[in-house]
Every structure is written in structure tokens, then in C-alpha cells.
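Residue numbers (my numbering): 26 to 309.
Every residue gets a Cβ at the ideal spot worked out from N, C-alpha and C, and that includes glycine.
One structure below.
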């Protein structure tokens, strides 16, 4: 089940992050798959991040990662889930096919949301279809930058899968693909400049987010251990700012997915998958 924007009572983080302390949460075992693993792949950041999410939840629901078993160490199954090693065209049932991703046009936020939801519903159990997963597109401008940041923290704390949508405001870094008609679109219906998987955050003194970036994998290899690199976050009135690979970028939206309890809670309960720390802020 999906919807355009879920903007209800999401500000529980106001009570979660005490004003006098910083909170650090990291989700472990979220892989960092490469959007360039296939020799002809281009603009596949959307389906690659969707596959990061599938592998994360695949530790509980093995049907999401056919051909692999946890702990994951194979790249062949990941290629098939993303698009197929010989794509284009993408393999039927893959993330790229379900998201209507093309090497020239990339993926829109709405197609990312819809394709991810379809993949999860069809594969997590033995019954294709259904309305078990909640997969939404969230617009940063509609929530305000601070509200959007609070939402992301709350969803990470709930063990959700989060894909961040990025528009480049500086130059496009080397090694990064952009769609042919890309013009820094910042809506759910425009092609993304880039996307990354969020894996955690740190609000101690200076806000940081932890991400897996599918474009910076050495040798185009999949990293099943994840990346989880820390990036400073600037909270703007209608978006979040980040410097990625030396270039300024705007995080203007997110596709967030989760499955009702007990799915998410059982995943968080697995040893090593979730860490939470609080720190006292340094005295001024």
C-alpha cells in the first residue's frame, strides 16, 4: 500500500531526542550495492537503493532476496534484483523494471515509491500482491526542513527503509549519472539527480546522517558490509543540504517503507542490527 505523502503525527521525535543530549542511531547490515555493477547500467541509483532496502529486510523475509542467504556474500543475485547484469532492458520483476527506470531517463520519486512497494509486496511472502507494506513519498518542502529531519530520525528509530532523493545544486561529481533531460528537478514527478540509502543519524552537537551511496563503490563492486559514511546536514527551510563527493546537493524528498509489526520490530531485535546511544552535548 502506498500514498503520495504521509504527513500525519510524525513528530514523536520531539520527545525522542532530549534537548540536552545527542542521539546516535545506526542500522547495521544495510548493504551498499553498486549502481554500476552491470557494464551497461546508467542512472540506476533508484533500483540499486531499492535493492539495498530489500536486502536489509531480507534478513527477516528471505523471499525478498531470491538466490541469496544471510550473511550475504554474493553479487550475482543482487545484480538480478537490481536490473539484471545484461540490462538494458531490465529483467522482468527487477527493481528497475518495476520502477520504470531507463538508462537515459532514470527514475522519478513516484516511480521509485510504486516500484519498491510492488517488489516488496510480491516477494516478501508466498502471496504476490497485498497491502502489507507502507511505502510513501515524503516531500521536504511540505514538512519544512526541520520537520523532514525529524521524520527521518523517527523512521530510522523505527527500523524503516529510507531512500533519499537528491538534486545537485553544485556541479555533478565525476562518476555520477544524471538523466539526459535532468534540470535539477525537485518534485515527485521529476527524474532524480541521485538517490542514496539512509542508514543512521547523529544529533550530538552537529547533525550528521549516515548513508550508503551506490555511485562511489570502488571497482563497481557490491559492498554487503555497507558504507554508513557520515555527512553533515544543513537544515534549510524547505529541504536538507549535504555535500556529497565534494559537490553541494539538496535532499528534497524521501521514499520510506516499512511493514507493520512484528516485521520491523523483529528485525530491530536481531543482535547487531540496531545501536542507540545518547551523549550529553558539550557545554558551551
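Where the beta strand (DSSP E) containing residue i begins and where it ends
i: residue 120; result: From DSSP, residue 120 is part of no beta strand (DSSP E) but of the alpha helix (DSSP H) over 120-123.
i: residue 81; result: Where residue 81 is concerned, there is no enclosing beta strand (DSSP E), although the alpha helix (DSSP H) it sits in stretches over 70-82.
i: residue 162; result: 159-164
C-beta contact flag for residue i and residue j at 8 Å
i: residue 253; j: residue 242; result: no
i: residue 275; j: residue 222; result: no
i: residue 67; j: residue 128; result: yes
i: residue 182; j: residue 277; result: no
i: residue 132; j: residue 71; result: yes
i: residue 230; j: residue 47; result: yes
i: residue 107; j: residue 99; result: no
i: residue 154; j: residue 283; result: no
i: residue 192; j: residue 209; result: yes
i: residue 84; j: residue 73; result: no
i: residue 110; j: residue 63; result: yes
i: residue 145; j: residue 279; result: no
i: residue 240; j: residue 266; result: no
i: residue 235; j: residue 226; result: yes
In DSSP terms, what residue i is bridged to
i: residue 276; result: 191 and 265
i: residue 57; result: 248
i: residue 127; result: 131
i: residue 283; result: 159
Counted within 10 angstroms of its Cβ, other Cβ atoms place residue i as buried (16 or more) or exposed
i: residue 37; result: Low confidence applies to residue 37: its pLDDT is 34, below 50, so where it sits in the model is not reliable, and the reading given next is rough at best. Exposed: under 16 other Cβ atoms inside 10 Å.
i: residue 205; result: exposed
i: residue 141; result: buried
i: residue 297; result: Residue confidence for residue 297 is low, a pLDDT of 40 falling below 50, so the modelled location carries little weight; the figure read from the coordinates is stated next. Exposed is the call here.
i: residue 104; result: buried
i: residue 224; result: buried
i: residue 262; result: exposed
i: residue 57; result: buried
i: residue 171; result: exposed
i: residue 228; result: buried
i: residue 51; result: buried
i: residue 101; result: exposed
i: residue 309; result: Because residue 309 sits at a pLDDT of 30, beneath the cut-off of 50, its placement in the model cannot be relied upon, and the following sentence gives the value as read from the coordinates. When all chains shown are included, residue 309 counts as exposed.
i: residue 122; result: buried
i: residue 184; result: buried
i: residue 264; result: buried
i: residue 251; result: buried
Segment limits, alpha helix (DSSP H) that includes residue i
i: residue 101; result: 101-107
i: residue 89; result: Per DSSP, residue 89 belongs to no alpha helix (DSSP H) and is neither H nor E.
i: residue 62; result: Element bounds for residue 62: n/a, residue is neither H nor E.
i: residue 271; result: Where residue 271 is concerned, there is no enclosing alpha helix (DSSP H), given that its DSSP letter is neither H nor E.
i: residue 170; result: 170-182
Contact test: residue i Cβ vs the ligand FMN heavy atom, cutoff 7 Å
i: residue 234; result: In the structure on display, the ligand FMN does not appear, and there are no ligands present to speak of.
Which runs of the beta strand (DSSP E), 3 residues or longer, sit entirely within the segment 184-268?
186-193, 219-227, 233-237 and 254-257
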